[in-house]
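Since the structure comes first, as structure tokens, the remarks are kept for the end.
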Amino acid sequence: MVTTANRGTNGRNGHAGRKYDALYARYSSHAQDDSTSVAVQVEACERAAGKELRHFIDQAKTGRTTGGRTELLRLMEEAEAGRIGKLYVYKYDRLGRAAETHVLVEDLEQHGVEVVSVTEGTNALARGVQLVVAADYSRVLAERTRAGLVQRHREGCWTGGPPPYGYRIVQSDDGKKRLAVHEEEAETVRFIFETYLAESIGLKEVARRVRARGVPTRLGGPWGFGTVRSILTNAMLVGEVRYLRRCFKLDRSTGRRVPRWSDEDRHVVNRDESLRIIDDATFERAQAQLAANRVNRPREAKEVRPFTRHLFCAGCGNVFYARKSANSKGAYRYYACGHRQSHGPEACDNRASLREDKLLARVQDAMSAVFDDMDGVLDEVAAMASEALEANRSETTRLKGEIAEADKFIGNLTRLLADPDIEAGAKKAVARQLAEQEGKREELRQALEAVAVQAALDMDDLMADCRQAFVEAKANFAGLMTPAQVNRFVAEVVGPMTVLPDGRLVQKEAATTGKVVAAGIVAA
53 MVTTANRGTN GRNGHAGRKY DALYARYSSH AQDDSTSVAV QVEACERAAG
103 KELRHFIDQA KTGRTTGGRT ELLRLMEEAE AGRIGKLYVY KYDRLGRAAE
153 THVLVEDLEQ HGVEVVSVTE GTNALARGVQ LVVAADYSRV LAERTRAGLV
203 QRHREGCWTG GPPPYGYRIV QSDDGKKRLA VHEEEAETVR FIFETYLAES
253 IGLKEVARRV RARGVPTRLG GPWGFGTVRS ILTNAMLVGE VRYLRRCFKL
303 DRSTGRRVPR WSDEDRHVVN RDESLRIIDD ATFERAQAQL AANRVNRPRE
353 AKEVRPFTRH LFCAGCGNVF YARKSANSKG AYRYYACGHR QSHGPEACDN
403 RASLREDKLL ARVQDAMSAV FDDMDGVLDE VAAMASEALE ANRSETTRLK
453 GEIAEADKFI GNLTRLLADP DIEAGAKKAV ARQLAEQEGK REELRQALEA
503 VAVQAALDMD DLMADCRQAF VEAKANFAGL MTPAQVNRFV AEVVGPMTVL
553 PDGRLVQKEA ATTGKVVAAG IVAA
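According to this note's numbering, the residues represented by the sequence shown are 53 to 576, in order.
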């Protein structure tokens, strides 16, 4: 068996200016036999080459995307750098099982790499047919896999993943894995439904009562309202098992397959009365009550509060979240431990809460030392503005040069496109390039226009505006900034803070800037 250790999984160590021959191997499924193992692929490639080759090997990655195949990506970088002369593969489909495989081969050949399939030869026409067949096979394999899983699902088999709360996976007499009701958890499920419907209480209170019974969650953690909601909305509790609720789509920006919720009409639904824990009427009442609560208490649009993600609990380490409350003077916002709020006092004993208006007052008071040094700050602004103007001049020169190059390229393409002897295939490619270059030129012109606007700013007017803004900010720092702007300011100047049980703040990390402000806030 051929070993791959210490034999160039990184192709970057080739000699500059010299090309080397390499091989690419990929083992994509643990269910395959040894006939296509990495060792077999390596041995076949080196036997065909008659020498040792540089290795690029990916283990157990799907052929449908290059996103997770780091060695293939490194191989393409080496090819683009002109370091690879010949690439050996066991089969072309080792490069990928999707129709894009031929694009990879063409890209390699455009960079001077001769691609050799040691079991299929190098004939271009034959390779094209083989790639099409490989792509079709990949699609057929995916369809058959899906059909097989659907059939197993219809037969009552569990097709993977952890079972929902209230169930366990058991092996039936025919050797297949199926779901079965777990009676202890089923009792907790019934308690949740009865409690929620009998007293019309909120999900948080239901979670608190479940915790009071000493019942652990599946993973042993505390109960929260999210866990309760997932149980109240699980249709499996009435014997309805859904499959293919999620699908995977290729994110072309990252090359990865990401999960998406599929349309309901694509779900495969199977009825199995043996899985029923809740009767239909009770389940429907729970759904109606959940829907009514959503209508009566519309969710506010998500917004960034001034101290979100900057305050941390000294008791459990979790984030302090912003919440609303009211007293005789009106409504106000405060921050409290999110873990304690969700899972109850048993989860965290830090009862501290901090009012947002008082925290903002701390920030404004601490900023007074900075505002007192107006001249020093404005000098820094002037220096920054001067540097920006100099950068604008350099950027203007660069953009004008690129626009000139684009104009020249577009002119050449236009003349080539007007040639009556140009072939149809080439004409289509030239037209595509022309459209791309015209789009690029337009982007460059817009960028140049933006730079020109900045370069035209009058420094004296700019500094006068800065001084006026500084005066207004000193008078009403918090009032002139949006919550998101205050949040960013706290992140850059103060940094994360820990909230002690008595409400005092301690800086988690020493800030590199704004030490006066930070000290004022945590000491207040």
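For every residue, glycine included, the Cβ atom is placed at its ideal position computed from N, Cα and C.
Report buried or exposed for residue i, applying the criterion of at least 16 other Cβ atoms within 10 angstroms of its Cβ.
{"i": "residue 73", "result": "buried"}
{"i": "residue 359", "result": "buried"}
{"i": "residue 98", "result": "buried"}
{"i": "residue 394", "result": "buried"}
{"i": "residue 78", "result": "buried"}
{"i": "residue 558", "result": "exposed"}
{"i": "residue 537", "result": "exposed"}
{"i": "residue 560", "result": "exposed"}
{"i": "residue 346", "result": "exposed"}
{"i": "residue 379", "result": "exposed"}
{"i": "residue 106", "result": "buried"}
{"i": "residue 442", "result": "exposed"}
{"i": "residue 146", "result": "buried"}
{"i": "residue 121", "result": "buried"}
{"i": "residue 159", "result": "exposed"}
{"i": "residue 416", "result": "buried"}
{"i": "residue 157", "result": "buried"}
{"i": "residue 169", "result": "buried"}
{"i": "residue 263", "result": "buried"}
{"i": "residue 52", "result": "The displayed coordinates of the chain run from 53 to 576. Any statement about residue 52 would go beyond what the structure contains."}
{"i": "residue 110", "result": "buried"}
{"i": "residue 165", "result": "buried"}
{"i": "residue 293", "result": "buried"}
{"i": "residue 70", "result": "exposed"}
{"i": "residue 53", "result": "At residue 53, the pLDDT of 34 sits below 50, so the modelled position is not reliable; the number obtained from the coordinates is stated separately. The residue in question, residue 53, is exposed, as its Cβ has fewer than 16 Cβ neighbours within 10 Å."}
{"i": "residue 148", "result": "buried"}
{"i": "residue 403", "result": "exposed"}
{"i": "residue 579", "result": "Outside the shown range of the chain (53 to 576) lies residue 579, about which nothing can therefore be said."}
{"i": "residue 259", "result": "buried"}
Could you pull the DSSP bridge partners for residue i from this structure?
{"i": "residue 252", "result": "Answer is none; residue 252 lacks a bridge partner."}
{"i": "residue 14", "result": "With the chain represented from 53 up to 576, any question about residue 14 goes unanswered, as that position is not in the structure."}
{"i": "residue 32", "result": "The chain is shown from 53 up to 576; residue 32 falls before or after that span and cannot be answered."}
{"i": "residue 209", "result": "230"}
{"i": "residue 243", "result": "Its beta-bridge partners do not exist; DSSP assigns none."}
{"i": "residue 110", "result": "78"}
{"i": "residue 136", "result": "72"}
{"i": "residue 365", "result": "551"}
{"i": "residue 415", "result": "Beta-bridge pairing links residue 415 to no other residue."}
{"i": "residue 141", "result": "76 and 169"}
Residue i lies in the beta strand (DSSP E); which residues open and close that run?
{"i": "residue 377", "result": "372-379"}
{"i": "residue 166", "result": "166-169"}
{"i": "residue 221", "result": "219-223"}
{"i": "residue 558", "result": "557-559"}
{"i": "residue 407", "result": "405-407"}
Just checking: is the beta-carbon of residue i within a distance shorter than 8 Å of some beta-carbon in chain D?
{"i": "residue 170", "result": "Going by chain labels, chain D is absent from the structure shown, which holds only one protein chain."}
Just curious, the alpha helix (DSSP H) that residue i is in, first and last residue?
{"i": "residue 123", "result": "122-132"}
{"i": "residue 392", "result": "390-395"}
{"i": "residue 280", "result": "277-284"}
{"i": "residue 97", "result": "90-101"}
{"i": "residue 536", "result": "535-541"}
Legend entry - Stretch-stretch touch, CB-based, cutoff 8 Å, three pairs: the stretch 246-256 with the stretch 226-235: Not touching, per the Cβ criterion.
Inset, instruction - For the stretch 215-227 and the stretch 283-291, state whether three or more C-beta atom pairs, one from each stretch, are separated by less than 8 Å. - result: The stretch 215-227 vs the stretch 283-291: in contact.
Inset, instruction - Flag this pair as touching only if the stretch 406-420 and the stretch 262-270 have three or more C-beta atom pairs under 8 Å; answer yes or no. - result: Segments in contact, no.
Inset, instruction - Flag this pair as touching only if the stretch 462-470 and the stretch 478-487 have three or more C-beta atom pairs under 8 Å; answer yes or no. - result: They touch, by the three-pair rule.
Legend entry - Contact between the stretch 235-243 and the stretch 318-333 (3+ Cβ pairs under 8 Å): Proximity of the stretch 235-243 to the stretch 318-333 meets the contact definition, three or more beta-carbon pairs being nearer than 8 Å.
Inset, instruction - Decide yes or no for the touch test of the stretch 384-403 against the stretch 358-375: beta carbon pairs closer than 8 Å, at least 3 of them. - result: Taking a cut-off of 8 Å for Cβ pairs, the stretch 384-403 and the stretch 358-375 touch, as three or more such pairs fall below it.
Inset, instruction - Please go through the stretch 430-496 and give each complete alpha helix (DSSP H) segment of 4 or more residues, from N-terminal end onward. - result: Here no run is fully enclosed.
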